[in-house]
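Chains as they are written, first to last, in this note's numbering: chain Z, 1 to 113; chain W, 1 to 115.
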């Protein structure tokens, strides 16, 4: 079963606009990561936010984490056609001493020129 | 390029058959993870190996097994294949596997089609 539910399932915007994706999860986490997947390809790690952090930036990416609401958001600013991909949140609910990522359902982002 | 390689890229086989998927982790990474991605189940964690030993198990069927060899490459064996096993199978590696801040680096995947 999946830990995270992402919203929206699909998002279509124009180049230059901002894209916001949300992720909700169910159990306590150590950290939350965002990954990107181009169609049928492997996942690429974008950013990791720890459970004691509230906001993190990386280039055009901004991630927030609200552990009280068990939710996170990924903001991509000034989007480009090359940002077209699926975006997944992944939570680490490590209890065993080893990392075990549980992925959300993903948001499909389409950025039109 | 993540540095993780997977072979084969595509695999088409029949129900009841057995296949082996291979993964070579990034140089120096000790942990290997296997994931299955299908339309109905999404991306599911199957199993993790660390330095040759099984460390964590996810939603892996009994018909599936994996191992990590002394050179750290890993193989995922799928047997008695069913139509529902058709999916993309990803391998990922990380330096350690016990550090919660470890990044997992994903391979390009093997697309399995069971006819």
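For glycine and all other residues, C-beta sits at the position ideal for the given N, C-alpha and C.
Closer than 8 Å to chain Z by CB, residue i
| i | result |
| --- | --- |
| residue 106 of chain W | yes |
| residue 101 of chain W | yes |
| residue 117 of chain W | No statement about residue 117 of chain W is possible, as the shown extent of chain W runs from 1 to 115 and does not include it. |
| residue 109 of chain W | yes |
| residue 86 of chain W | no |
Opening and closing residue of the beta strand (DSSP E) in which residue i lies
| i | result |
| --- | --- |
| residue 31 of chain Z | 31-37 |
| residue 92 of chain Z | 85-92 |
| residue 126 of chain Z | Because chain Z in this structure spans residues 1 to 113, residue 126 of chain Z falls outside the shown range and cannot be described. |
| residue 142 of chain Z | Beyond the ends of chain Z as shown, which are 1 and 113, falls residue 142 of chain Z; an answer cannot be given. |
| residue 11 of chain W | 10-13 |
| residue 37 of chain W | 31-38 |
| residue 74 of chain Z | 71-76 |
| residue 111 of chain Z | 107-112 |
| residue 62 of chain Z | 61-66 |
| residue 9 of chain Z | Premise fails: residue 9 of chain Z is in no beta strand (DSSP E) and is neither H nor E. |
| residue 44 of chain Z | 43-50 |
| residue 27 of chain Z | Segment: none, residue 27 of chain Z is in no beta strand (DSSP E) and carries neither H nor E. |
| residue 112 of chain W | 110-114 |
| residue 131 of chain W | Outside the displayed range of chain W (1 to 115) lies residue 131 of chain W, so it cannot be described from this structure. |
Below-8 Å beta-carbon distance, residue i vs any chain W residue
| i | result |
| --- | --- |
| residue 22 of chain Z | no |
| residue 74 of chain Z | no |
| residue 31 of chain Z | yes |
| residue 110 of chain Z | no |
| residue 11 of chain Z | no |
| residue 65 of chain Z | no |
| residue 27 of chain Z | no |
| residue 84 of chain Z | no |
| residue 100 of chain Z | yes |
| residue 105 of chain Z | yes |
| residue 41 of chain Z | yes |
Residue i CB to nearest heavy atom of the ligand COA below 7 Å
| i | result |
| --- | --- |
| residue 40 of chain Z | Only the bare structure without any ligand can be found here, which leaves the ligand COA out of the picture. |
Got a sec: which bits of the stretch 43-62 of chain Z sit with their beta carbon under 8 Å from any beta carbon on chain W, in order along the chain?
-> 43, 44, 45, 48, 50
Going along the stretch 35-55 of chain W in order, which residues come within less than 7 Å of chain Z, judged by CB to CB distance?
-> 42, 43, 45, 48, 50, 55
Could you pull out every unbroken beta strand (DSSP E) segment of at least 3 residues lying fully inside the stretch 44-104 of chain W, listed in chain order?
-> 53-57, 64-68, 74-78, 87-94
Would you call the stretch 89-97 of chain W and the stretch 27-39 of chain W touching, i.e. three or more CB-CB distances under 8 Å?
-> yes
Counting Cβ pairs closer than 8 Å, one from the stretch 1-10 of chain W and one from the stretch 61-77 of chain Z, do we hit at least three?
-> no
At least three beta-carbon pairs within less than 8 Å, the stretch 69-76 of chain W to the stretch 10-23 of chain W | yes
Would you list, in chain order, the members of the stretch 64-78 of chain W that have their beta-carbon closer than 9 Å to a beta-carbon of chain Z?
-> none
Does the stretch 3-14 of chain Z come close enough to the stretch 43-62 of chain Z to have 3 or more Cβ pairs within less than 8 Å?
-> no
Residues, ordered as in the chain, of the stretch 2-35 of chain W that lie near chain Z by beta-carbon distance below 7 Å = For the stretch 2-35 of chain W, the residues whose beta carbon sits under 7 Å from a beta carbon of chain Z are, in order, 2.
Inter-stretch contact (C-beta, 8 Å, three-pair minimum) for the stretch 93-108 of chain W and the stretch 43-59 of chain W = yes
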